[in-house]
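A.B. asks: If you read the sequence shown in our numbering, its first letter stands for residue 1114, the second for the next number, and so on.
Even for Gly, the Cβ is constructed at its ideal location relative to N, Cα and C.
Since the structure is predicted, the reported quantities are computational estimates derived from the model, not experimental observations.
Here it is: the structure, laid out below.
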Amino acid sequence: MKLILRDHFRRWWWVWALGAILQSTFCWFSSTNTPPPKDFFVSMFAIFLGPFLVQFDLQRGFAKTLTILPLTTRQIGRAWWLAAVGLPAIALSLLAFLSSGISHLFHPTGNFQSEWLAMNSIVSLLFLGTGFFLIQNFSNTAGGSWWDKLRNTVCGILWGGIIGGWMLISKFVFDSPEKTMWALGIGTIATVVGWFCAKQLVMNRANFRLASQRTKNSRGQYKAPAGFGGLPFLMQTTILRSVLFGFVILGVMTFWMSFISHDSIRVLFHSSIRVQVTTSMIATITFPLLFVGMIQIFLIVFQMRFLRTLPISPSVLAATLVFLPVISMAVLCLIIVALTSPVAGAAIVLPVFKSFLMTATLAAVAILLVVSRGLDILTYFLIIFGCVLSSTMSILHGGNFPLWFKITLAIVIIGFSFVLTRRMLTRSSHAYRNPPAMMNTWGGGWR
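Here you go:
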């Protein structure tokens, strides 16, 4: 077990160094606030230093490789639990108290928020444990039952939700003692179950399946399907998938807002309060657009080797890669405006358009990164870092910049991405290489 932990942290030391800097910086400024912060935004860094890194290792088949060691599946699973939950929780807590203590020495007039730091450490531990519990329940659904596929789908949605929606969850869950107790109770159960059932993390990924679950070859005669393929099929399925995913995530977030804050849902349905309606809709649609945009990028890139065999020019292929996610998000935005305009009126058009500019620009730049570098760890990190950074920059979705400047900047960046993508398609082979566990990006259990 020690060798597994040592190897894991040796390979991810640079991520931990960056996470330690961010954790110390945020705790430095948050711990001396008076009154203390009501949310636990700092805990968001935990998920990227624990289960997120373990998920990357599992996608590369580490679970199956480690079964050759003289260890039981329970020991291997608990080693991963320590790497994803136990040790990160201890390290983040020590960093939080240490940085806050040093900050208090330089600012003795401020109050040392020991209660907030202790609560933040508990939230980080349970947040890590919940994330480990979700990736633990991913399984290889090839030949599995409908229950396995349903479990993978539910866990995948929750896994994506806690990664991207933690700011929203942290803002509203901890605003009352009742909600806090429910959240801590659920997190405690998930963390404890993850420890005692840690062997499932290995068994669900190392192809340990019963004979009744194994796939069987079909004896029926193959018949070529009738229909169309190529670019028209890709465009139709991509746009349809974007709209459906957008509606699902939009519905889930609206339901979640109604559950965690009754005031938020009342604001959405009172057209007389225009400013509150607009603000709520911005918070509601930004994450779905980002999530849908990122999904379409990965799904299109996975078809790169097939698309390159079609009788199309590099310009057409580059235009498909860059503009298809943009068009998909544009269709989704038009539908959102059409559905929400009776409630919010014309005031919702501009916020939706600004969100579209931001996410469309991110999608175009992400395509360029994937084509030029391939789907390696640094590419994933740059895309995630760009999404996080864009939420703090107001040049496209806020601020005092004129609208014509934002539109011009977005067009220039998208056009620049198209030109460079076309160039990379003819001069680089990174995009045509099979990424590790390519079908495992969202399912999490194929290996």
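Output the residue ranges of the alpha helix (DSSP H) runs that lie fully inside the stretch 1161-1206 and measure 4 residues or longer, sorted by chain position.
C.D. replies: Those alpha helix (DSSP H) runs which fall completely within the stretch 1161-1206 and span 4+ residues are 1164-1172, 1175-1179, 1186-1194.
A.B. asks: Does the distance from the C-beta atom of T1472 to that of I1413 stay below 8 Å?
C.D. replies: Their beta carbons are not under 8 Å apart, which means T1472 does not touch I1413 by this criterion.
A.B. asks: Are A1202 and L1241 close, meaning C-beta to C-beta below 8 Å?
C.D. replies: Yes, the pair counts as a contact, with Cβ atoms nearer than the cut-off.
A.B. asks: Nearest to P1464 by CA position, among H1217, H1121, C1446, is which residue?
C.D. replies: The residue with the shortest Cα to Cα distance from P1464 is C1446.
A.B. asks: Using a Cβ-Cβ cut-off of 8 Å (strictly less than) and excluding sequence neighbours within five positions of A1324, which residues of its own chain qualify?
C.D. replies: Here A1324 scores only 43 on pLDDT, less than 50, and its place in the model should not be relied on; the value that follows carries that caveat. No residues qualify anywhere along the chain.
A.B. asks: Taking the C-alpha atoms as reference points, what is the distance between C1140 and V1450?
C.D. replies: Taking the straight line joining both Cα atoms gives about 39 Å.
A.B. asks: Looking at F1531: is its Cβ nearer than 8 Å to the Cβ of A1443?
C.D. replies: Not in contact: F1531 and A1443 (Cβ atoms no closer than 8 Å).
A.B. asks: What's the call for R1191, buried or exposed, on a 16-neighbour Cβ count within 10 Å?
C.D. replies: R1191 should be labelled buried.
A.B. asks: Out of I1160, L1118, F1498, which has the shortest C-alpha to C-alpha gap to I1275?
C.D. replies: Minimum Cα distance to I1275 is reached at I1160.
A.B. asks: P1183: buried (16+ other C-beta within 10 angstroms of its C-beta) or exposed?
C.D. replies: Exposed is the call here.
A.B. asks: Measuring only between beta-carbons, confirm whether I1302 sits less than 8 Å from chain B.
C.D. replies: Of the protein chains in this structure there is only one, and it is not chain B.
A.B. asks: For V1439, which residues of its own chain have a beta-carbon under 8 Å away from its beta-carbon, when the five flanking residues on both sides are left out?
C.D. replies: Excluding residues within five positions, the ones whose Cβ falls inside 8 Å are A1473, A1476, A1477, I1527.
A.B. asks: Looking only at C-alpha atoms, which of V1484, N1250, L1470, L1452 sits nearest to P1427?
C.D. replies: Among V1484, N1250, L1470, L1452, the Cα nearest to that of P1427 belongs to V1484.
A.B. asks: Of the residues G1199, F1169, L1211, F1165, which one's Cα is nearest the Cα of I1134?
C.D. replies: Nearest C-alpha to I1134: L1211.
A.B. asks: Report the residue from F1245, L1239, Q1313, S1289 whose alpha carbon sits nearest the alpha carbon of T1301.
C.D. replies: Closest option to T1301, Cα to Cα, is L1239.
A.B. asks: Going by alpha carbons, who is nearest to V1177 out of W1125, Q1313, A1130?
C.D. replies: Going by the sequence as given, residue 1177 is Lys instead of Val. Taking only the C-alpha atoms, the option nearest K1177 is Q1313.
A.B. asks: Look at the Cβ atom of T1243, then the Cβ atom of A1311, and state whether they are nearer than 8 Å.
C.D. replies: Cβ distance not < 8 Å, so T1243 and A1311 don't count as in contact.
A.B. asks: Kindly indicate which residue of D1120, F1142, A1196 has the alpha-carbon position closest to the one of H1220.
C.D. replies: For the residues D1120, F1142, A1196, the minimum Cα distance to H1220 belongs to F1142.
A.B. asks: Short of 6 Å in beta carbon distance, which residues of its chain neighbour A1197, apart from the five on each side in sequence? Order them along the chain.
C.D. replies: So the list reads G1163, P1164, V1167, F1245, once near-sequence residues are dropped.
A.B. asks: Under a three-way DSSP split, which group does M1537 fall into?
C.D. replies: The answer is helix: DSSP assigns M1537 an H, G or I state.
A.B. asks: Distance check for W1127 and I1117, CA to CA, integer angstroms please.
C.D. replies: If I take the Cα positions, the gap works out to 18 Å.
A.B. asks: Measuring only the C-alpha atoms, how far is F1494 from K1292?
C.D. replies: The straight-line gap from Cα to Cα measures roughly 33 Å.
A.B. asks: Buried or exposed for M1294, going by 16 or more other Cβ atoms inside 10 Å?
C.D. replies: By the neighbour-count rule (16 or more Cβ atoms within 10 Å), M1294 is not buried but exposed.
A.B. asks: Could you name the residues of the same chain whose beta carbon sits closer than 8 Å to that of F1466, not counting the 5 residues immediately before and after it, in chain order?
C.D. replies: Result list for F1466: C1446, in chain order.
A.B. asks: Quick one: grab the DSSP three-state call for D1120.
C.D. replies: It is helical.
A.B. asks: Measure the beta-carbon distance from Q1409 to S1454 and round it to whole angstroms, keeping in mind my assumption that it falls under 8 Å.
C.D. replies: That pair is no contact at about 25 Å.
A.B. asks: Suppose contacts are defined by Cβ-Cβ distances below 8 Å. Is S1206 in contact with S1234 by that definition?
C.D. replies: Against a cut-off of 8 Å, the Cβ pair of S1234 and S1206 comes out as a contact.
A.B. asks: In chain order, what residues of the same chain have a beta carbon less than 8 Å from the beta carbon of L1131, not counting five sequence neighbours either side?
C.D. replies: Same-chain partners within the cutoff: there are none.
A.B. asks: Distance, Cα to Cα, S1355 vs R1418?
C.D. replies: Near 22 Å, if we compare the C-alpha coordinates of R1418 and S1355.
A.B. asks: Quick one, are the C-beta atoms of A1479 and I1490 less than 8 Å apart?
C.D. replies: In this structure, I1490 does not lie closer than 8 Å to A1479 by Cβ.
A.B. asks: Could you check if T1492 is buried or exposed, using at least 16 other CB atoms within 10 Å of its CB as the buried criterion?
C.D. replies: So T1492 counts as buried.
A.B. asks: Can you tell me where the alpha helix (DSSP H) holding A1473 begins and where it ends?
C.D. replies: Taken as a continuous stretch (DSSP letters only), the alpha helix (DSSP H) holding A1473 covers 1462-1486.
A.B. asks: Measure the CB-CB distance between L1452 and T1534 and report whether it falls below 8 Å.
C.D. replies: For L1452 and T1534, no; Cβs fall outside 8 Å.
A.B. asks: Starting from N1233, trace the alpha helix (DSSP H) both ways and give me its first and last residue.
C.D. replies: First-last of the alpha helix (DSSP H) with N1233: 1227-1249.
A.B. asks: Would you mind working out which of W1125, S1216, M1232 sits nearest P1290, comparing C-alpha positions?
C.D. replies: Per the Cα distances, M1232.
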